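Visitor: Numbering-wise, the sequence shown is residues -37 to -1, 1 to 494 according to mature numbering (1 follows the signal peptide of the UniProt record, and there is no 0).
All C-beta atoms in this analysis are idealised placements derived from N, C-alpha and C, irrespective of residue type, glycine included.
As the structure is a computational prediction, the values presented were derived from the model and not from experiment.
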Amino acid sequence: MHKHPNTPRMLRWRSAAAALAATVAATAFLAVPSAQANEPSDPPASTQMPAPAPGFPLPTPHTQTAHDPASDFTSKWTRADAKQIMAQSDSQVKPGQNSMSPDVTMPEIPEDFPAMNDDVWVWDTWSLTDENANQISYKGYDVIFSLVADRHAGYGFDQRHWNARIGYFFRKTNADPAKDKWNYGGHLFLDNTSIGNTEWSGSTRLMKGNQVNVFYTATTFYDVKERNAGGGGIAPDAVIAKALGKIHADKNGVTFDGFQHTKLLEPDGKLYQNKAQNPGFAFRDPYTFADPAHPGKTFMVFEGNTGGKRGDYRCKNEDLGYAKGDPNAENLAEVNSKGAYYQTANVGLAVADNKDLTKWHFLPPILSANCVNDQTERPQIFIQNEGGKNKYYLFTISHQFTYAAGMRGPDGVYGFVGNGVRSDYQPMNNSGLALGSPTDLNLPSESPEAPTPNQNGRQFQAYSHYVQPGGLVQSFIDNVNGVRGGSLSPTVKINFRDGVSKVDRSFGKNGLGPFGYLPTNVHVGGNGHYK
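(1) Using DSSP bridges, identify the partner residues of Tyr429.
(2) Closer than 8 angstroms is the cut-off here; do at least three beta carbon pairs connect the stretch 200 to 215 with the stretch 267 to 281?
(3) Using the three-state DSSP reduction, which class does Leu283 fall into: helix, strand or coil?
(4) To the nearest angstrom, report how far apart Asp231 and Asn241 are at their CA atoms.
(5) Taking DSSP as the reference, what is the three-state secondary structure of Pro482?
(6) Do you know offhand how far Ser54's Cα is from Asn237's?
(7) For the beta strand (DSSP E) that Leu207 lies in, which residues bound it at each end?
(8) According to DSSP, simplified to helix, strand and coil, what is residue 503?
(9) How far does the alpha helix (DSSP H) with residue 565 in it extend, from its first residue to its last?
(10) Measure the Cβ-Cβ separation of residue 528 and Ser450 and say whether it is below 8 angstroms.
(11) Looking at the secondary structure, which residues open and close the beta strand (DSSP E) in which Glu297 lies?
(12) How is Thr365 classed by DSSP in three states: helix, strand or coil?
(13) Give me the Cβ distance between Asn309 and Gly351, rounded to the nearest whole Å; I'm assuming they're in contact under 8 angstroms.
(14) At the level of alpha carbons, what is the spacing between Gly474 and Val177?
(15) Taking Trp163 as the reference, which of Ala14, Ala127, Arg421 has the closest Cα?
(16) Decide yes or no for the touch test of the stretch 136 to 148 against the stretch 477 to 486: beta carbon pairs closer than 8 angstroms, at least 3 of them.
(17) Report the rounded CA-to-CA distance for Glu340 versus Ile360, giving the unit in angstroms.
(18) Is it buried or exposed for Pro58, if we count other Cβ within 10 angstroms and need 16 for buried?
(19) Excluding the 5 residues preceding and the 5 following Gly165 in the sequence, name in chain order all residues of the same chain whose CB lies nearer than 7 angstroms to its CB.
(20) Is the number of C-beta pairs between the stretch 332 to 347 and the stretch 355 to 371 that are closer than 8 angstroms three or more?
(21) Using a threshold of 8 angstroms, state whether the C-beta atoms of residue 496 and Lys456 are closer than that.
(22) Over the uninterrupted alpha helix (DSSP H) stretch that includes Asn191, give me the two end residues.
(23) Within its chain, find whatever has a CB closer than 7 angstroms to the CB of Gln60; leave out the 5 residues flanking it on each side and keep chain order.
(24) On the DSSP letters alone, give me the boundaries of the beta strand (DSSP E) that Gly130 sits inside.
(25) So what's His324 in DSSP terms, helix, strand or just coil?
(26) Just to confirm the assignment: which complete beta strand (DSSP E) runs, minimum length 3, are found wholly within the stretch 96 to 166?
(27) Going by CA-CA distance only, name the one from Ala29, Asp5, Ala16, Ser4 that's closest to Ser386.
(28) Can you confirm whether the stretch 114 to 124 touches the stretch 454 to 473 when touching is taken to mean that 3 or more C-beta pairs between the two stretches lie within less than 8 angstroms?
(29) Please state whether DSSP places Val487 in a helix, a strand or coil.
(30) Since Val376 contacts Ile329 with CB under 8 angstroms, what's their CB separation in whole angstroms?
(31) Quick one: Cα of Gln347 to Cα of Gly311, how far?
(32) On a Cα-Cα basis, can you pick out the residue from Asn1, Leu234, Thr68, Trp125 that is closest to Gly194?
(33) Just the Cα atoms here: how many angstroms apart are Thr88 and Leu234?
(34) To which residues of the same chain is Asn353 closer than 6 angstroms at the C-beta, ignoring the five residues directly before and after it?
(35) Taking Tyr104 as the reference, which of Tyr131, Leu227, Asp467 has the closest Cα?
(36) Among the residues of its own chain, which have a CB less than 7 angstroms from the CB of Asp254, if the five just before and after it don't count?
As structure tokens, this is what we get:
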């Protein structure tokens, strides 16, 4: 149990965040049309992309041009793009410091962070939303969903993944986020009712009336006991599923019931790698949304890997993305000789075939990171109006230890901007990095289970970031200078426009807002229940 740190009672806001806070505090609940756009982020002080750094290759040019969602165009996050992470990093810092720009560095989380809940570890978290990513207050309650695992079951924090369930938390919308804790409602689904024996991340949408659709990753582990004991290794099954149920709220709080589960998608082995091709395949994290450019259609983004047997892929010049004649470019043969072809992450796309959202079909990936990274987890599409035109931000998260040979980057949020769901996406800040935990990128990459003493003690302080309306970013605490987490981090704020982002250090206290701050901006369900 950690002592509760001094949390800010007052938050300093800029315009968009102020509007968000005012909405949160409102006591009159109004029905809001589902077509309402996302709350836009504040712009950073400058929207100029970082200048080229001497000694590094130029990033790949990207047009941001939109393509038909059903076309076979896949944007590439290239090695030339990702090399900009190191180009924008300081090679002269003392070992163990933060080498990244403050513009993309998450402020340091205090070691004496509070435990969100004494009975469960909490990690990947998302809000109750509508199809446009608005965050819903239902009858006066804010509701969030998290992966949870029992703190007292005898396994350790790093064994939580194969014991994960979706839990939910709620608190009154007019609560003080700096002092009022989230109430834990328990597991969302009854025991032994979901598809698979483990529930991994997804998203939750309020539908008509009090119906909710929970899109989730249904994972089945066949060696849970062995894994909990430190062994195991049998590849799990993974499918994308949904559960349609009902939400209820009264003076006592929030409950759910009536869930009916439907299997939606399994990896096809062609566009998206499957278990037979790679025991470590990624197929998870469904996030559904409506696209104003294609009325009546519902899309889904998810994490995948390029189809094909692991190790068969070979890096191509388009994966490297260097301009012809660039003196700092890598040699294709050398890149392949290092084994960079083992990293084949992509962001997948699917479209619903019926209004019930029970039938879907795959479309080609919208982004590939072949020969750059092996994980593009928890992708989101965030649409915001910039200068009278909708810009599409694709946010995803990734680890430093999943980068390909010759690449380096921190745990954190990576972002890309284009003119449509399927675009020639421009990596934010030229590199893709939008927000990372403090890291010395001059030192080798590591993992949160076994960091070495000479690295920055907060390189794994937070992960599984979730970008909210207004540029607020929520994550969970993993490892703060050796103190393991399992609770929600302080919310931070990034200002972004035109593909450029900057951490807003005027938000909260030196850039750190309240722990677990996921405010709502759309109110439904009637007058609500209050303190």
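Guide: For this structure:
(1) Per DSSP, Gln437.
(2) In short, these stretches do not touch, since the Cβ pair count stays below three.
(3) Correct three-state label for Leu283: helix.
(4) Those two C-alpha atoms are separated by around 13 angstroms.
(5) Three-state DSSP puts Pro482 in coil, outside helix and strand.
(6) The C-alpha of Asn237 is placed about 39 angstroms away from the C-alpha of Ser54.
(7) Note, Leu207: beta strand (DSSP E), 200 to 213.
(8) With the chain covering only -37 through 494, there is no way to say anything about residue 503.
(9) What the structure shows of the chain is the stretch from -37 to 494, and residue 565 is not part of that stretch, so it cannot be assessed.
(10) Since the first residue shown for the chain is -37 and the last is 494, residue 528 is missing from the structure and cannot be characterised.
(11) Element bounds for Glu297: not the beta strand (DSSP E) but the alpha helix (DSSP H), 295 to 300.
(12) In the three-state scheme derived from DSSP, where H, G and I count as helix and E and B as strand, Thr365 is classed as helix.
(13) Their Cβ separation, rounded to whole angstroms, is 32 angstroms, which puts Asn309 and Gly351 out of contact at 8 angstroms.
(14) When rounded, the separation of the alpha-carbon atoms in Gly474 and Val177 is 32 angstroms.
(15) With distances taken between Cα atoms, Trp163 lies closest to Ala127.
(16) Note that the stretch 136 to 148 touches the stretch 477 to 486; at least 3 beta-carbon pairs, one per stretch, sit closer than 8 angstroms.
(17) Cα to Cα, the separation comes out at about 5 angstroms.
(18) Residue environment: Pro58 is assigned as exposed (fewer than 16 neighbouring CB atoms within 10 Å of its CB, all protein chains considered).
(19) If we look at Gly165 and ignore the five residues flanking it on each side, its Cβ neighbours are Val177, Phe178, Tyr179, Thr180, Asp248, Pro249.
(20) At 8 angstroms Cβ cutoff, the stretches touch.
(21) In the structure displayed, the chain extends from -37 to 494; residue 496 sits before or after that span and is not available.
(22) Asn191 -> alpha helix (DSSP H) spans 187 to 191.
(23) Around Gln60: Asp403, Asn419.
(24) In this chain, the beta strand (DSSP E) harbouring Gly130 covers 128 to 135.
(25) Here His324 sits in strand by DSSP.
(26) Segments of the beta strand (DSSP E) lying fully in the stretch 96 to 166: 99 to 101, 104 to 113, 128 to 135, 146 to 150.
(27) For the options Ala29, Asp5, Ala16, Ser4, the alpha carbon positioned closest to that of Ser386 is the one of Ala29.
(28) Short answer: they don't touch.
(29) Val487 falls in the strand class under three-state DSSP.
(30) Beta-carbon to beta-carbon, Val376 and Ile329 are separated by about 17 angstroms, too far to satisfy the 8 angstroms threshold.
(31) Using only the alpha carbons, I get a separation of about 21 angstroms.
(32) Selection Asn1, Leu234, Thr68, Trp125 evaluated against Gly194 yields Trp125 as nearest (Cα-Cα).
(33) The alpha-carbon separation between Thr88 and Leu234 amounts to approximately 28 angstroms.
(34) Apart from sequence neighbours up to five positions away, the residues of its chain that approach Asn353 with a beta-carbon distance below 6 angstroms are Ile346, ordered along the chain.
(35) Closest option to Tyr104, Cα to Cα, is Tyr131.
(36) So the qualifying residues of the chain are Lys260, Phe262, Val384.
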